[in-house]
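Residue numbers (this note's numbering), protein chains in the order written: chain A, 48 to 193; chain B, 344 to 1126. Just so it is clear, CB atoms sit at the ideal spot from N, CA and C, and this is done for glycine as well. Since we're looking at a predicted model, the values are computed, not measured. Structure first, then comments.
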């Protein structure tokens, strides 16, 4: 499964970079996020409740930031388990580029899902993940819109 | 005989009263004292090494009694699930059967493969426990695609190129020579889509162990409880056969998927002794999708050699068959002896050569599903015959008629091992065309075109080998079981009759059909015949129901037992008439003797048998109960002609079947209504395959079609009002002249539908299922 996209955020790359490191901001912006903590430098632990079609579960995951090049790019390695509902893992390449409106954040995500999520949710998962991403950046951008 | 209830009468089914009022007793309806519940923990990965399994958290769940992993079964001597038919490769080597532990121990090879199971006080606790089982997997690269499996990563240590076997049938040289001499060669690359069976009742098992008698009782959804018992005793080593009773109560559909011996019932019956309490398991629907044996999944290249006049000279077929991750119980026979042997179809093609390479993939095991090999063979033969007719600008009906085996050529030896006993293919074809209003097709096509629609017409003339079959033949070909059937006819003192059959009804209506047979032959009321099946504790032995064998083999066994009943009845009557038994006649329920004007009704002889006053007991044993084991001399060969007309909306790609005519030759028919119902069900499944159903794994081996949201079953609105009729050339080698009707509809219909769709679109092939999206894309590509 592969996804890519970009969003324009009305803030400088440095501000965007800084905000993306803060667990409380991430928690606020990820739909259904119940916990987000930094376990060690560049590693987040999170709990996210999701509902994809008939599959409803609480996923526990880790997000590891690798290859950080502040404030330009980084790679996230994500893995999450949702008990009986399934599991997911993926790798996201994130790039920040300064533009007149602020910063263009572009991403390419490659991931896999398995378990019940894959068996009865595959068809719905793509639109689910797009919606979740859009919600994240809407909320994230709102921080700079007054 | 009684015209209302005898052979040939459309008697309403005895069993339907309980089925339609919710009084059926299915496995999950049965509960026993102290029963616990079981949930299987299934692999979320298509292929992975199991590094460790931690059951501590699961054991801590309130209500969980025990958590078992695969290693515990191995330690206890529980064997692998066997494949019961050894197919030999071209080079003389036996097939490769990878180890198949019921519960995975060190590796998992498909999504849904069980690696642990949880026994708990309640189903909810078992589910919670299963969620708490933690396994550490090392994920390995999965192999999914049928066509490329042999050049992919090797799955099993003992199976290089992921190959189970590479089999051949027929005369290669003669076939090559036929192609060299041909005026025209038609080639066709086709796939036969993977199907998931979807019986309405999911599989279930209730195992219990009685420590006092050291006996096990397993209630389960099996199409062949005696075979289940043999395999569990002899191969899986659960218990001595004598200490194991298998009961298949009412079963809600099987379609082949309930023939096999699976992990779940093995685990449940074994664990019941460990836990000391009965254990029940019932699959939920997604479990059925994941872990029932799937069907079909072939990739085939076929070539047909013809003369310029359309005479079929040779057929060459090369198939890759996806076996899934392991060889299921009878899987190896399906793309070989139930497939290659049918490539002659209804035609006198003199030279045929078939090759089948069976490959392993990280998908659920594939085994027999309604038709089992014969739908795949019919699809190859009938698609390529129709394609050849188009290429030669011949009427596909004429091409077929030119090549039919003529009625006077029977018995007919095909070049692919089978000897057809009887048939009249042109008669079925003629009747089907008449019913289909064949000659006024042009007007219907014009009307469709006037409405902006594309109309197409397709034919399919299938043959099947069923009533399987002669034991010594199948054993010589690698089968590990005989394929006879047993029957016991027990005449009660009052003259009513109890029949114990080794056939198993899971929707077929045997309680009615077999009662008609007995009532007709003994001249006793239909309602005084009781048919009992599906219990190893009540009938001697049985090989079960699949391959449309129940009436041809099971019915013939009953008929043989009835012969013995009548013979003994004559001996008793002879003493009453004071004559010899060769002077006694039996007809219309009466024993008679030319020297007496007082015939003896059957019930009077039954009474005399059990109250033995009239005959010398040193000559004749008391009682009237007889057994028979019937082993057929040959398969039976039902055949038929199907005609399908479709109308396609080019703007949406939606295909509507506007006409479907099925004319089948089942030989003699006991209950025409039941036979018609079987044809309807088969057609619905075949049309489902052609238009809707597709079991899909993604590239990682996740089953993408794991529920009814993604796997489309045919619904009433997808099906036309079927026009069903019959012709009859009675089977020549069984006493009833019957052939079997259970699979025909599913065998013959996909080719008819796809021939109609390709005709409408003017293309060579459309992959099944021809969903609106696929059809629309095909139209766009052509535009």
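Taking buried to mean at least 16 other C-beta atoms within 10 Å of its own C-beta, is residue i buried or exposed?
i, result
"residue 937(B)", "exposed"
"residue 616(B)", "buried"
"residue 1131(B)", "In this structure chain B extends from 344 to 1126, so residue 1131(B) is not present and cannot be described."
"residue 361(B)", "exposed"
"residue 721(B)", "buried"
"residue 964(B)", "exposed"
"residue 1007(B)", "buried"
"residue 1069(B)", "buried"
"residue 865(B)", "buried"
"residue 749(B)", "exposed"
"residue 543(B)", "exposed"
"residue 870(B)", "exposed"
Do you know how far the Cα of residue j is from the Cα of residue i?
i, j, result
"residue 882(B)", "residue 828(B)", "11 Å"
"residue 111(A)", "residue 138(A)", "10 Å"
"residue 570(B)", "residue 876(B)", "14 Å"
"residue 524(B)", "residue 824(B)", "43 Å"
"residue 1019(B)", "residue 626(B)", "31 Å"
"residue 53(A)", "residue 179(A)", "14 Å"
"residue 1117(B)", "residue 1060(B)", "20 Å"
"residue 572(B)", "residue 604(B)", "9 Å"
"residue 914(B)", "residue 594(B)", "40 Å"
"residue 182(A)", "residue 77(A)", "7 Å"
"residue 1123(B)", "residue 1065(B)", "31 Å"
"residue 899(B)", "residue 973(B)", "7 Å"
"residue 1169(B)", "residue 994(B)", "Residue numbering for chain B in the displayed model covers 344 to 1126; residue 1169(B) lies beyond these limits and cannot be assessed."
"residue 1043(B)", "residue 484(B)", "8 Å"
"residue 452(B)", "residue 492(B)", "14 Å"
"residue 67(A)", "residue 73(A)", "7 Å"
"residue 459(B)", "residue 624(B)", "14 Å"
Measuring only between beta-carbons, confirm whether residue i sits less than 9 Å from chain B.
i, result
"residue 127(A)", "no"
"residue 90(A)", "no"
"residue 134(A)", "yes"
"residue 186(A)", "no"
"residue 96(A)", "no"
"residue 166(A)", "yes"
"residue 137(A)", "no"
"residue 160(A)", "yes"
Using the DSSP secondary-structure output, state which residues sit across from residue i in a beta bridge.
i, result
"residue 123(A)", "112(A), 139(A)"
"residue 914(B)", "According to DSSP, residue 914(B) bridges with nothing at all."
"residue 944(B)", "933(B)"
"residue 510(B)", "699(B)"
"residue 655(B)", "649(B)"
"residue 728(B)", "Its beta-bridge partners do not exist; DSSP assigns none."
"residue 764(B)", "Answer is none; residue 764(B) lacks a bridge partner."
"residue 98(A)", "103(A)"
"residue 535(B)", "641(B)"
"residue 829(B)", "972(B)"
Using 8 Å for Cβ pairs, my map puts residue i next to residue j. What's the rounded Cβ distance?
i, j, result
"residue 1062(B)", "residue 1114(B)", "Not confirmed; about 16 Å, so no contact."
"residue 687(B)", "residue 695(B)", "6 Å"
"residue 476(B)", "residue 384(B)", "5 Å"
"residue 369(B)", "residue 592(B)", "6 Å"
"residue 489(B)", "residue 663(B)", "6 Å"
"residue 1096(B)", "residue 801(B)", "7 Å"
"residue 171(A)", "residue 60(A)", "The pair is not a contact, with the Cβ atoms about 34 Å apart (cut-off 8 Å)."
"residue 796(B)", "residue 1108(B)", "That pair is no contact at about 21 Å."
"residue 133(A)", "residue 92(A)", "Not really, about 19 Å apart at Cβ, beyond 8 Å."
"residue 1010(B)", "residue 1073(B)", "4 Å"
"residue 836(B)", "residue 953(B)", "4 Å"
"residue 887(B)", "residue 1082(B)", "The pair is not a contact, with the Cβ atoms about 19 Å apart (cut-off 8 Å)."
If you measure from the beta carbon of residue i to each beta carbon in chain A, is any gap under 9 Å?
i, result
"residue 394(B)", "no"
"residue 473(B)", "yes"
"residue 460(B)", "no"
"residue 1108(B)", "no"
"residue 767(B)", "no"
"residue 406(B)", "no"
"residue 966(B)", "no"
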